[in-house]
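Residue numbers for the sequence shown follow the working numbering, so the first one is 334 and each next one is one higher. Don't be surprised by glycine CBs; every beta carbon is placed ideally from N, CA and C.
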Amino acid sequence: ILGSGLGSLADSIENPEFYPYEDLPHFPISTVEGHAGRLVIGMLNGKCVVAMQGRFHYYEGYCYNEVTFPVRVMKLIGVNKLIVTNAAGAANTSFKPGDLMLITDHINFSGDNPLIGRNLKEFGPRFPDMSTAYDPELRSKALEVAKDLNIDIKQGVYMMFSGPTYETPAEVRMARILGGDAVGMSTAPEVIIANHSGMKVLGISCLTNMAAGILEQPLNHEEVVETSNMVKEKFTSFMN
334 ILGSGLGSLA DSIENPEFYP YEDLPHFPIS TVEGHAGRLV IGMLNGKCVV AMQGRFHYYE
394 GYCYNEVTFP VRVMKLIGVN KLIVTNAAGA ANTSFKPGDL MLITDHINFS GDNPLIGRNL
454 KEFGPRFPDM STAYDPELRS KALEVAKDLN IDIKQGVYMM FSGPTYETPA EVRMARILGG
514 DAVGMSTAPE VIIANHSGMK VLGISCLTNM AAGILEQPLN HEEVVETSNM VKEKFTSFMN
């Protein structure tokens with residue numbers, strides 16, 4: 334799943350097949366700048382991959398069943414490892430814009446959960462464990478890759494807010510107190526569904542800005558996309 338401004342990774346996929354979301358039954362439509370809005374299926378370094386070039390967000394008006402629908406589709410077509418990426422604000426003041434952060438855990442502060450309602454037991458149990466929602470083995474491999482490429486990669490906890498407003502300075506202070514290192518508006522619902530479905534997950538945040546209240550400047554989406562574009566070479570090298 335490729336987050337805001339990170340969709341260029343899909344350009345590295347060989348022999349790609351493109352499936353616009355509007356052509357796929359029951360898929361929502363991406364409405365946010367930096368999200369192309371299509372599935373790309375092909376080969377990446379000898380592996381068959383399915384890339385979501387653009388995701389869906391709760392703040393776009395979609396319910397969590399719609400936001401996470403593609404994850405269940407991927408499970409049904411044989412995907413068992415999910416790499417989920419996002420553009421996020423750095424709440425940890427030792428981080429800086431342009432850093433990549435491996436997600437060790439998340440705090441779902443969106444006020445909703447995609448598993449509320451009737452359990453789909455063909456995917457997973459009623460009460461799934463979330464102790465290792467972000468697979469330690471995949472994270473260890475990612476750290477090795479970063480070391481080999483001489484990429485300084487951070488690790489931390491991602492805290493999800495519903496959006497579409499950026500977090501207030503007080504909310505960012507709260508995030509730090511609760512252990513959050515980065516804040517954003519996605520990822521947690523997809524990871525919950527992937528975990529429920531028995532998929533192994535690797536989460537990566539591209540830290541595109543310092544979260545509200547750390548620097549004396551307003552936040553905007555253009556900065557998010559601009560920083561994502563600046564680090565896309567590092568991101569693509571790491572992901573390949």
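Range of the contiguous alpha helix (DSSP H) that encloses residue i
{"i": "HIS529", "result": "521-529"}
{"i": "ILE510", "result": "502-511"}
{"i": "GLU549", "result": "No alpha helix (DSSP H) holds GLU549; DSSP gives it neither H nor E."}
{"i": "ALA343", "result": "Per DSSP, ALA343 belongs to no alpha helix (DSSP H) and is neither H nor E."}
{"i": "GLU566", "result": "565-572"}
Cα-Cα separation between residue i and residue j, rounded to whole angstroms
{"i": "ASP481", "j": "LYS567", "result": "13 Å"}
{"i": "ALA475", "j": "GLU393", "result": "31 Å"}
Option in the options with minimal Cα separation from residue i
{"i": "PHE351", "options": "VAL490, ASP468, ILE374 and PRO361", "result": "ILE374"}
{"i": "GLU366", "options": "LEU415, LEU335 and VAL564", "result": "LEU335"}
{"i": "ASP462", "options": "LEU435, ALA527, GLU556 and PHE402", "result": "ALA527"}
{"i": "ALA515", "options": "PHE389, GLY457 and ASN441", "result": "ASN441"}
{"i": "PRO403", "options": "ILE525, THR569, VAL558 and GLU556", "result": "ILE525"}
{"i": "GLU470", "options": "MET532, ASN483 and PHE428", "result": "MET532"}
{"i": "ASN446", "options": "LEU377, THR364, THR401 and LYS565", "result": "THR401"}
Limits of the unbroken beta strand (DSSP E) element including residue i
{"i": "LYS454", "result": "LYS454 -> no beta strand (DSSP E), and no H or E assigned at all."}
{"i": "SER538", "result": "533-543"}
{"i": "MET434", "result": "433-441"}
Interface flag, residue i vs chain C, CB-CB below 7 Å
{"i": "GLU455", "result": "The structure shown contains no chain C, having only a single protein chain."}
Close-in-space but distant-in-sequence residues of the same chain around residue i (CB under 8 Å, 5 per side omitted)
{"i": "GLU355", "result": "ILE362 and GLY370"}
{"i": "ALA545", "result": "GLY422, TYR499, GLU500, THR501, PRO502, GLU504, VAL505 and LEU552"}
Residues of its chain near residue i, where Cβ-Cβ distance is below 6 Å and the 5 sequence neighbours each way are ignored
{"i": "PRO522", "result": "TYR397, VAL400, THR401 and PRO447"}
{"i": "GLU347", "result": "GLY375 and MET376"}
Cβ shell of residue i (< 7 Å), same chain only, five flanking positions each side left out
{"i": "VAL417", "result": "ILE334, THR520, GLU523, VAL524, VAL534 and GLY536"}
Residue i: CB within 6 Å of a non-hydrogen atom of the ligand ZN
{"i": "PHE568", "result": "Ligands displayed in this structure: none; no statement on the ligand ZN is therefore possible."}
Runs of alpha helix (DSSP H) lying entirely within the region 360-413, each at least 4 residues, in chain order: 397-409
Going residue by residue through the region 443-501, where are the continuous beta strand (DSSP E) segments of at least 3 residues, counting only ones entirely within it? 486-493
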